[in-house]
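When you read off a place in the sequence shown, starting at 1, and then add 4, the result is the number in my numbering. Quick notes on the structure that follows.
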Amino acid sequence: MSMKYFDKSDLTNIKSTPFGYTLSIIGGKWKMIIMFWLVEYGVLRYGELKRCIGSITDKILNNQLKELERDGIIIRKEYPQIPPKVEYSLSKRGLSLIPILEEICKWGENNRLDL
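Have a look at this one:
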C-alpha cells in the first residue's frame, strides 16, 4: 500500500485518506454482502435480497440500503403499484467497486485456513 495518500504529519486521521473514504463507503458487516448479491443477480427486490443475506434485520437492511443509495453505490427503483414494488441494482459507481471485491475473493481463495 502506498503511503503517498497519507498526510504523514497526522497518521491518526485515517478518515481523511482515500483508504478511509473507501472504507466509509463499503465498510461494515453488510454492505459488501449486499453488493455481492446484487452482482450475482443484477436486480433484486427487497424480499429477495433479504432472503439471500439471511440473518439481517429489516432495520439494518433498510439502513444499509439507504446508505448505499446515498453514496451512489446502488440504485433504488420504485414502481407505483399496490403492493409497492422496489428493486435494487448496482449503479455505475457501485460496479466500479467490483474489481476490489473480486480481489478480496481471490485473497480469500489463496489464504483460507481450513480448520
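Just so you know, even glycine gets a beta-carbon here, dropped at the ideal spot from N, CA and C.
Open item on the list: What I want to know is whether the C-beta of Ile108 ends up closer than 8 Å to one or more non-hydrogen atoms of the ligand NAP.
Closed with: The model depicted lacks the ligand NAP and carries no ligand whatsoever.
Task: Same chain, Cβ closer than 8 Å to Val36, five either side skipped, listed in chain order - done: Here residue 36 refers to the residue found at position 32 when the sequence shown is read from its first residue. As written in the sequence, residue 36 is Met, which differs from the Val given in the question. Counting only Cβ-Cβ distances below 8 Å, and skipping sequence neighbours, we find Ile30, Leu105 and Ile108.
TODO: Using three-state DSSP, classify Ile77 as helix, strand or coil.
DONE: As a working mapping, residue 77 is identified with position 73 in the sequence shown. DSSP places Ile77 in coil when its eight states are reduced to three.
Task: Check whether Leu65 and Leu53 have beta carbons under 9 Å apart - done: One-based indexing of the sequence shown puts residue 65 at position 61. One-based indexing of the sequence shown puts residue 53 at position 49. Closer than 9 Å, so yes.
Open item on the list: DSSP three-state label for Leu27, please.
Closed with: The residue you call residue 27 lines up with position 23 of the sequence shown. Leu27: helix per DSSP, three-state reduction.
Open item on the list: In whole angstroms, give me the CA-to-CA distance for Glu91 and Tyr50.
Closed with: Taking the sequence shown and counting its residues from 1, one reaches residue 91 at position 87. Taking the sequence shown and counting its residues from 1, one reaches residue 50 at position 46. Spanning the two alpha carbons is a distance of roughly 7 Å.
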